[in-house]
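Visitor: Chains as they are written, first to last, in our numbering: chain A, 135 to 462; chain B, -16 to 307; chain C, 29 to 524.
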Amino acid sequence: MANTATRGQTITRALILFNELILVLVLVLLSILISIGNPKFISFANVLNILRDSSMAVIAGIGMTMLLISGEVDLSIGSLVAFVGVVTMDVINKTQSTALGVLAGLALGSLTGLVNGLVRTKLKVNSLIGTIAMMMILRGGVYIYRIAAVQNYHLKRAFFEIGNGYVGFLPIPILLMAILYLVFLVVINKSLAGRYLYATGGNPTAARISGINVDRLKILTFIVSSTLAAMAGVILVSRMNSGQPNSGQGFELEVISGVILGGTSLSGGEGTLIGTLIGIIILRIINNGIIILGWNQDLQIVVSGLVLIVAVYLDNRRKIARAKIITT
Amino acid sequence: MSSNVLNRRSARFSLSRFGELGLLAVLVALFLVFTFSSKYFFTPKNLSNVLGQISITMIAAVGLSLLLICGEVDLSIGSLQAVAALPLVLVMNATGSFWLGVIPALAVGALIGVINGLLVTRLKINSLIVTLGMYYLLRGFVYLVTGKVPISDRSGKDLFFMVGNGKLFRFLPYMALLMIVIVVVFMYVLRHTTYGRRLYAIGGSPEVARAVGINPERLKLSAFILCSLLSTVSAILLASRLSSANHMAGQGFEFQVVAAIVLGGVSLAGGVGNLLGALIGVLIFGLIQNGLSLMNVGTQYQMLITGAIIILAVAVDELKKRHA
Amino acid sequence: MNDKDVILEVRKISKEFPGVKALNGVDLTLRRGEIQALVGENGAGKSTLIKILAGVYRKDAGEILFEGTPLELHSAHDSLQRGIKVVFQELTLVPQLSVAENVFLESFPLKRSGAIDWRTLNRRTQEILASISLDLNPTRKVSSLTISQQQMVEIARALSHEAKVVIMDEPTSALTPNEIRSLFEVIRRLKSLGIGILHVTHKLEEVFELCDRVTVFRDGQLVSSRPVPETNTNAVVTDMVGRSITTLFPRTHSGRGQPVLRVRGLATDKKLKGVSFEVHAGEVVGIFGLLGAGRTELAKAIFGLDPVIGGELELRGRRLRLGSTSHSAHAGLGLLTEDRKGEGLVLQMSVAQNMTLPSVREFARFGLIRSKAENARSQEYVQRLAIKTPSLRHKVEYLSGGNQQKVLLARWLMKKLEVIILDEPTRGIDVGAKAEIHKLIDELAMAGLAVIVLTSEMPELLGVSDRILVMSGGRITGEFGREEATQEKVLAAAIA
Chain A
135 MANTATRGQT ITRALILFNE LILVLVLVLL SILISIGNPK FISFANVLNI
185 LRDSSMAVIA GIGMTMLLIS GEVDLSIGSL VAFVGVVTMD VINKTQSTAL
235 GVLAGLALGS LTGLVNGLVR TKLKVNSLIG TIAMMMILRG GVYIYRIAAV
285 QNYHLKRAFF EIGNGYVGFL PIPILLMAIL YLVFLVVINK SLAGRYLYAT
335 GGNPTAARIS GINVDRLKIL TFIVSSTLAA MAGVILVSRM NSGQPNSGQG
385 FELEVISGVI LGGTSLSGGE GTLIGTLIGI IILRIINNGI IILGWNQDLQ
435 IVVSGLVLIV AVYLDNRRKI ARAKIITT
Chain B
-16 MSSNVLNRRS ARFSLSRFGE LGLLAVLVAL FLVFTFSSKY FFTPKNLSNV
34 LGQISITMIA AVGLSLLLIC GEVDLSIGSL QAVAALPLVL VMNATGSFWL
84 GVIPALAVGA LIGVINGLLV TRLKINSLIV TLGMYYLLRG FVYLVTGKVP
134 ISDRSGKDLF FMVGNGKLFR FLPYMALLMI VIVVVFMYVL RHTTYGRRLY
184 AIGGSPEVAR AVGINPERLK LSAFILCSLL STVSAILLAS RLSSANHMAG
234 QGFEFQVVAA IVLGGVSLAG GVGNLLGALI GVLIFGLIQN GLSLMNVGTQ
284 YQMLITGAII ILAVAVDELK KRHA
Chain C
29 MNDKDVILEV RKISKEFPGV KALNGVDLTL RRGEIQALVG ENGAGKSTLI
79 KILAGVYRKD AGEILFEGTP LELHSAHDSL QRGIKVVFQE LTLVPQLSVA
129 ENVFLESFPL KRSGAIDWRT LNRRTQEILA SISLDLNPTR KVSSLTISQQ
179 QMVEIARALS HEAKVVIMDE PTSALTPNEI RSLFEVIRRL KSLGIGILHV
229 THKLEEVFEL CDRVTVFRDG QLVSSRPVPE TNTNAVVTDM VGRSITTLFP
279 RTHSGRGQPV LRVRGLATDK KLKGVSFEVH AGEVVGIFGL LGAGRTELAK
329 AIFGLDPVIG GELELRGRRL RLGSTSHSAH AGLGLLTEDR KGEGLVLQMS
379 VAQNMTLPSV REFARFGLIR SKAENARSQE YVQRLAIKTP SLRHKVEYLS
429 GGNQQKVLLA RWLMKKLEVI ILDEPTRGID VGAKAEIHKL IDELAMAGLA
479 VIVLTSEMPE LLGVSDRILV MSGGRITGEF GREEATQEKV LAAAIA
């Protein structure tokens, strides 16, 4: 019996290692295919482009990964990003301070996260449905706040830099993404909070018995995740140079598809940041490829929807495969 | 003892259960509130409008209720509304025949139902996520094919126009008649056929159902197909009202329907609920929408309110479950 | 002597699961119109056999003969079609449907139009219920019935299929004495209809009151099968245990310190009706109860996992906040749950991570976990408890049941606890590991903890406890010291 255990363990280890390897292979393959269609794809400038465009989804993806690990999900980040953009621009317009505007945007994110967390823990509403409802509330809310786009009347340099500036040759969004990625890499893998996240998602009762305050942890995770999404919203509004109430459509789809594709499970208890990074970049490459090859942009949503279904299917297969290997 | 059987029959129409009585009270209250707050509300024109809008929602709600009762869900029915209108209008424009357009529309609807059903039952993927993916996929597809430009009806068929806009005695929309027929038929199916009772069984206790020889997968597949077909009917009616295949049709529709029927007592967990409750839920929603637009409250508020109602309805549903 | 009367025969059936041989060539013979008791301690193989007869498990070897012909069962549906109905503790009813619909769940009587013929459905259900003297409205939703009534509906279902064999799996665990009486009436009715009944139970007084024959399983084999008038309780118990009870679990000491935990009037809205007791440092209190008595509910209520509607807890003289697991955990309570995979282990995490889960804060500095310290401490316990694992990083889901349990025990040993509650600590574990775990329980007490062991295994209870509390119907119904406790006394209190 010990033999079956080790054999089983090796197979699953292979499946998991395999997973990240497969993803990298897919990434490379896609890049090759697209650059055959348009050699500009592989240029240094375009690669930076792709990374910079991915930065918003990756930053939000960090939060989403943590949420999924803890067994929850958040579909409201698309509407949140739009709201944050509008509010941030508006506040900077009114106060002439970039810092205040960014703070306001982030605060809105944190508040949303708090509400999502409370709806989940106190009202016991399933987070998938609760955050879909929040998505509607926020989308309605942003249009109530402002029907038309908020233009940039402040022309602040700092604001412009956030999304469009450089440190040396490195675009600032990429820098932000890298910093946040590294910070949360440590948090997820090495910190107490990270350990508690995995336990909460893996077995909430066991976590409770071990003294973990599951409700508080989930609320905190929602808050952090939404704040990160708000950060992405700030970068977006800086790049678009106007706060548009109809922005962010499909953003949640892109992030969740990328995260699940990267190996984070919908059922909780597992997930890695590197998987999320690769998953989101793959999606970005597909979208960037669509643009660079001159195809219809609406294909992006179709592809994202397809990827979501495929990603969830793969996630399922992994779960079933591992269940077969477990000894009773 | 036979009196018990009679009781059983009349139970179908009695609203003795607290939940439904409460909802009915809310419905009546809303009706009164709107009657007094806007002079346009209680007019034949407006009421018949409301009836019409509710018909479109309710027909799709019947299908979605079937799915929820057997334990699944379909979030793509709104996008389906846009997709199914395409073959309808295109074929109608090309051939000048309404019925020739209906056939491919229904076929497309059925096909998507089959795809959703197979993805869930064969590949065992969570139906919420799969149909969410379809929600995006289908919407994107419509954008692609139409270039985000509505395709107008150029056939000028009277029949096409009448389906969605015609009224009996200048008051009762034909759509409403269709809705009533569909609701009555499916109420019968859910109550009095083996098929219907089995839907409840697989939603309530799938393991028990399986142990008893019922095949949950096959039944669920059929429920997905029925849901899509009914949504397609609803799509055809909507296209008639818009006189076009619009790429924005049905945006947010699925969430409204879910919110309405959950409000009406059809539980997301499965095995619970009936069409009467769903109808009341849809009526309440319809009244709110109508009342708000009469008071010149924009659609953004409607979206916000729908979201809030979803949270409320599910929270109450959860409370009921925990105190069962 | 009456081969014609034999309706069901089981020959040399074996069934093995990874790590444990549940059935080792077991035999059984059931006659028409016979009520046969099947007894044996936990792990003797009773539930495995009936799951095979129900079509839920597939047998590895041996044969089943039904009315003389060999029977191959492929599914639960199959088993019922052939005429074998097993009434499990987890009832196979759809709560949202009515009694009549459940009784005829497989096929409703239909009118010519295809619609359900409610009149016939309800009438036939009424007839079946009457045949077992049950007065129940067939249109009632099953969710509105009591457990006892639901059981009857299950039996009615058997009759609707003209079952020839009805197997009842511990049917009386959740019933009141009145309900038990009604159930026995129904079973006698079934007997008069010529149905063969297998009554799985561990309540010996039921065996002698109701049954014609008693069959004893032990360690997956048939030990004896005798007509009830020809045997007595002692003989049955001896067959069940097969060894003198006391020698297997030596307690090295039973010193008693200060009272550590005081429970007063603890009540929940579902099961507990006001439980009071206390536990001292260094003492092992065994709590016994049959299914439905409320043991696990008690554990969960003390720990704060379930909402409490009344009563109070005192830990070393200080009032403990009820209903909050983090408070309980931080105050020094530990709980080893009954369902170790569902509620105890985080399967995707490693051995070390599972072990340190409640104490991981100790290994952290500035919020970051120091793996070296964590691994060193985990390694200590792996050695101390002889846990078989290829490495500390091994995912705990691949360990055997016994080793998983040890990981959980290590988890609680690692933390400085005041009170530990162990719920069925050796369930589903082979004999060797069982003995090791009992030794650990002893060690825990020696270390000064107050140890509460919840168990339904009599030998374990009598061997491991300094003091025994018996629960029934959500209350404490008996208390015995180690010396004075006997199986009979304990059982008597358990059905009180």
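All C-beta atoms, glycine included, are put in the ideal place defined by N, C-alpha and C. Since this is a predicted model, take the numbers as computed values, not measurements.
Counting C-beta neighbours from all protein chains within 10 Å, is the total for R334/C 16 or more, i.e. buried, or is it exposed?
Guide: Strictly speaking, residue 334/C in this sequence is Asp, with Arg absent from that position. Its Cβ being crowded by 16 or more others within 10 Å, D334/C is buried.
Visitor: Determine, using beta-carbon pairs with one atom in the segment 201 to 211 of chain A and one in the segment 327 to 339 of chain A, whether at least three such pairs fall under 8 Å.
Guide: Segments in contact, yes.
Visitor: If you reduce the DSSP assignment to three classes, tell me which class T274/C lands in.
Guide: For T274/C, the predicted structure reports a pLDDT of 44, less than 50, and the residue's modelled location is therefore unreliable. A value from the coordinates is still provided. Three-state result, T274/C: helix.
Visitor: Using a Cβ-Cβ cutoff of 7 Å, what residues of the segment 111 to 134 of chain C are near chain B? List them in chain order.
Guide: Correct list: T120, L121, V122, P123, Q124, L125, E129, L133 and E134.
Visitor: Please identify, using Cβ separations under 7 Å, the residues of the segment 208 to 223 of chain A that lie next to chain B, in order along the chain.
Guide: Answer in chain order: no residues at all.
Visitor: Output needed in chain order: residues of the segment 134 to 166 of chain B with a Cβ under 8 Å from some Cβ in chain C.
Guide: From the segment 134 to 166 of chain B, no residue has a Cβ closer than 8 Å to chain C.
Visitor: Kindly identify the DSSP beta-bridge partner or partners of S252/C.
Guide: DSSP lists V244/C as partners of S252/C.
Visitor: With 9 Å as the threshold, decide whether the Cβ of A191/C is near any Cβ in chain B.
Guide: It does not: the Cβ of A191/C has no partner Cβ on chain B nearer than 9 Å.
Visitor: Select from G84/B, S48/B and I37/B the residue whose C-alpha is nearest the C-alpha of C210/B.
Guide: Minimum Cα distance to C210/B is reached at S48/B.
Visitor: Would you decide whether I288/B is buried or exposed? Buried here means 16 or more other CB atoms lie within 10 Å of its CB.
Guide: Buried, by the Cβ-count rule.
Visitor: Looking only at DSSP bridge pairs, what is Y300/A linked to?
Guide: In the DSSP output, where bridge partners are listed per residue, Y300/A has P305/A.
Visitor: Run through DSSP, which three-state label would N(-13)/B get?
Guide: Below a pLDDT of 50, predicted positions are generally treated as unreliable, and N(-13)/B, at 34, falls in that range; the measurement from the model is reported next regardless. Three-state DSSP puts N(-13)/B in a helix.
Visitor: According to a CB-to-CB cut-off of less than 7 Å, which residues of the segment 390 to 424 of chain A neighbour chain C?
Guide: Flagged, chain order: G403 and E404.
Visitor: My guess is that M383/C and A438/C are in contact by the Cβ rule of under 8 Å, so how many angstroms apart are they, rounded?
Guide: Indeed they touch by this definition, with Cβ atoms about 5 Å apart.
Visitor: Buried or exposed for Q286/C, please, with buried defined as at least 16 other CB atoms from any protein chain shown within 10 angstroms of its CB.
Guide: Q286/C is exposed by the Cβ-count criterion.
Visitor: I'd like to check one pair, N347/A with S354/C: are the Cβ atoms closer than 9 Å?
Guide: Yes; because the gap between Cβ atoms is below 9 Å, this pair is in contact.
Visitor: Under the three-state reduction of DSSP, which class applies to N450/A: helix, strand or coil?
Guide: The answer is helix: DSSP assigns N450/A an H, G or I state.
Visitor: When we look at the beta-carbon of Y426/C and count the other beta-carbons within 10 Å, is it buried (16 or more) or exposed?
Guide: Buried, since its Cβ has 16 or more Cβ neighbours within 10 Å.
Visitor: Rounded C-beta distance between L364/C and T243/C? I'm assuming under 8 Å.
Guide: The Cβ separation is near 33 Å, so there is no contact.
Visitor: Within 10 Å of its beta-carbon, does P46/C have 16 or more other beta-carbons around it, so buried, or fewer, so exposed?
Guide: P46/C is exposed by the Cβ-count criterion.
Visitor: Kindly give me the distance between the Cβ atoms of I112/B and L448/A, rounded to whole angstroms, as I take these residues to be in contact under 8 Å.
Guide: In fact, because the Cβ distance is near 12 Å, the residues do not count as touching under 8 Å.
Visitor: Within 10 Å of its beta-carbon, does Q515/C have 16 or more other beta-carbons around it, so buried, or fewer, so exposed?
Guide: Buried, by the Cβ-count rule.
Visitor: For G186/B and G264/B, which I take to be in contact (beta-carbon distance under 8 Å), what is that distance rounded to the nearest angstrom?
Guide: Between G264/B and G186/B the Cβ distance is about 18 Å, and since that is not below 8 Å, they are no contact.
Visitor: Is it buried or exposed, Q230/A, if we count other Cβ atoms within 10 angstroms and call 16 or more buried?
Guide: Under this definition Q230/A is an exposed residue.
Visitor: Based on Cα-Cα distance, which residue from L373/C, S493/C and L489/C lies nearest to A478/C?
Guide: Measuring from the Cα of A478/C, the nearest candidate turns out to be S493/C.
Visitor: Under 9 Å between C-beta atoms, does G377/A make it to chain B?
Guide: Not one chain B Cβ lies under 9 Å of G377/A.
Visitor: Less than 9 Å between the beta carbons of H230/C and G111/C, yes or no?
Guide: For H230/C and G111/C, no; Cβs fall outside 9 Å.
Visitor: Just checking: is the beta-carbon of I144/C within a distance shorter than 9 Å of some beta-carbon in chain B?
Guide: Closer than 9 Å to some Cβ of chain B, the Cβ of I144/C qualifies, so yes.
Visitor: Is D432/A close to chain B, meaning its C-beta is less than 9 Å from at least one C-beta of that chain?
Guide: Yes, contact with chain B.
Visitor: Cα separation between E44/C and P199/C?
Guide: E44/C and P199/C: Cα-Cα distance of roughly 26 Å.
Visitor: Between the segment 29 to 47 of chain B and the segment 186 to 201 of chain B, do three or more beta carbon pairs fall short of 8 Å?
Guide: They do not touch, by the three-pair rule.
Visitor: Measuring alpha carbon to alpha carbon, tell me which residue in A283/A, L209/A, A179/A and T222/A is nearest G247/A.
Guide: Nearest C-alpha to G247/A: L209/A.
Visitor: Count the other CB atoms within 10 Å of the CB of A184/B; is the residue buried (16 or more) or exposed (fewer)?
Guide: Buried, because 16 or more other Cβ atoms sit within 10 Å of the Cβ of A184/B.
Visitor: What do you get for T26/B, buried or exposed, if any count of 16 or more other CB atoms within 10 angstroms of its CB means buried?
Guide: It is exposed - the Cβ of T26/B has fewer than 16 other Cβ atoms within 10 Å.
Visitor: If we call anything under 9 Å between Cβ atoms a contact, is T324/C one with L472/C?
Guide: Not closer than 9 Å, so no.
Visitor: Along chain B, in chain order, which residues have C-beta atoms closer than 7 Å to that of R273/A?
Guide: Within chain B, the residues near R273/A are M286.
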